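Residue numbers (numbering that gives the first Met the number 0): 0 to 343. Every residue, glycine too, gets a C-beta built ideally from N, C-alpha and C. As the structure is a computational prediction, the values presented were derived from the model and not from experiment. Working notes for the structure below.
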Amino acid sequence: MKNIFFISILTLLSCSENKLGLEKNKTHNFGIVIHGGAGTILKENMSDEMELQYRNALKTAIKVGHEILKNGGTSQLAVEKSINILEDSPLFNSGKGAVLNSYGFAELDASFMNGKSLKAGAVSGARKIKNPISAAIKVMENSPHVMLSGNGADQFAEQQGLEIVNSDYFITKRRKRNLEKVKLREVNAKKISNKLNYDEFYKSQLFGTVGCVALDKHGNLAAGTSTGGMTNKKWNRIGDAPIIGAGTYANNLTCAVSSTGWGEFFIRTVAAFNISALMEYKNLKIEDASSLVINDKIGKLGGNGGVIAIDNKGNVAMEMNTPGMYRAHMNSEGKLLVKIYKDE
Ligand code: ASP
Numbered sequence: 000m001k002n003i004f005f006i007s008i009l010t011l012l013s014c015s016e017n018k019l020g021l022e023k024n025k026t027h028n029f030g031i032v033i034h035g036g037a038g039t040i041l042k043e044n045m046s047d048e049m050e051l052q053y054r055n056a057l058k059t060a061i062k063v064g065h066e067i068l069k070n071g072g073t074s075q076l077a078v079e080k081s082i083n084i085l086e087d088s089p090l091f092n093s094g095k096g097a098v099l100n101s102y103g104f105a106e107l108d109a110s111f112m113n114g115k116s117l118k119a120g121a122v123s124g125a126r127k128i129k130n131p132i133s134a135a136i137k138v139m140e141n142s143p144h145v146m147l148s149g150n151g152a153d154q155f156a157e158q159q160g161l162e163i164v165n166s167d168y169f170i171t172k173r174r175k176r177n178l179e180k181v182k183l184r185e186v187n188a189k190k191i192s193n194k195l196n197y198d199e200f201y202k203s204q205l206f207g208t209v210g211c212v213a214l215d216k217h218g219n220l221a222a223g224t225s226t227g228g229m230t231n232k233k234w235n236r237i238g239d240a241p242i243i244g245a246g247t248y249a250n251n252l253t254c255a256v257s258s259t260g261w262g263e264f265f266i267r268t269v270a271a272f273n274i275s276a277l278m279e280y281k282n283l284k285i286e287d288a289s290s291l292v293i294n295d296k297i298g299k300l301g302g303n304g305g306v307i308a309i310d311n312k313g314n315v316a317m318e319m320n321t322p323g324m325y326r327a328h329m330n331s332e333g334k335l336l337v338k339i340y341k342d343e
């Protein structure tokens, strides 16, 4: 009798062990997408060398996040670390190499959202934080707030032990030349008409914000966006990038989104949240929801830009209504796509 009892207990244990083992090994499809900004990016304006530099930078950044996901790390960490690489690269409009405001220095915006907890953090108008996306994550994790701005954001980041740099760190020769060019255009435009046509002015800007969305093996989504905003911006202008729902959104029920482009339009259309809402309430596929927001909502209002998005199954969208968007995607199998021009 006793023996039968022990045998049944052992069988039961080994069955549940198997079950546990199976569950342990059962992993979710994962994937990661990054962007380095959308805009008038044309093959004829790009040297082979420049193109290669962009493709290599995108490749390096996405591989860092992919490695984290492959090893079972969180989408939050993958998003942060991939964006850190892009922030440190002078090629993109975020961190080092961010565009300069009208007064000649960088004001940085960034935001992050965790699709599992629906918690979010953001900084805007920061001037000293080397990696603003990391500060956005600290706001989410270690403050009772969602968005901090200006000096307060810088101070908070310093208190959190993040790297603080002198404002000269962000400035590159290329961005100084850009600012001079844009200021000259502004002076000339004012000479022709008293009222500056901001529409024409901003439409032709090259953007260059960076962003990342990821789905990890645990089925959790995350999104982040980091930028210097727009060249020659004035009056502490804040774009869409630090605004949850406009520049960044993530929800495990639907998708994770990061936007880039003419920020005012992404704010007015609540672009990132709109994509998630179309999926949640209307059952749209990620490609259809992204296309609807970029082409039908933003495009029809006269705005331009693009989004990257990944859903909770690993399907992705990289949608734009500009001639190009620096972008890359890696899936669970490690298949890598790096693209620049729209029709690539
Ligand atoms: N969306 C950003 C902003 O308006 C600019 C960009 O994407 O490059 O600040």
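- Under the three-state reduction of DSSP output, Asn165 falls in the coil class, being neither helix nor strand.
- Counting of Cβ neighbours within 10 angstroms places Met317 among the buried residues, the total reaching 16 or more.
- Beta-bridge pairing by DSSP links Arg326 to His34, Lys338.
- Between Arg54 and the set Gly35, Leu41, Arg184, the nearest pair of CA atoms involves Gly35.
- At least one heavy atom of the ligand ASP sits closer than 6 Å to the Cβ of Gly228.
- Taking the Cα positions, Cys211 is about 8 Å away from Ile307.
- In the three-state DSSP reduction, Met139 falls in the helix class (H, G or I).
- In the DSSP assignment, the residues bridged to Asp310 are Cys254.
- Distances from the alpha-carbon of Asn28 to those of Lys137, Gly313, Glu343 put Gly313 closest.
- DSSP, read as helix, strand or coil, puts Asp215 in coil.
- Within the region 36 to 75, the alpha helix (DSSP H) runs of at least 4 residues that lie entirely inside it are, in chain order, 47 to 69.
- When secondary structure is reduced to three states using DSSP, Tyr102 falls in the coil class, being assigned neither helix nor strand.
- Your pair Gly244 and Phe272 checks out as a contact, with CB atoms roughly 4 Å apart and the cut at 8 Å.
- Scanning the region 247 to 297 for uninterrupted alpha helix (DSSP H) segments of 4 residues or longer gives 262 to 267, 270 to 281, 285 to 290, listed from N- to C-terminal end.
- Across the set Gly262, Tyr325, His217, the C-alpha of His217 shows the shortest separation from the C-alpha of Thr73.
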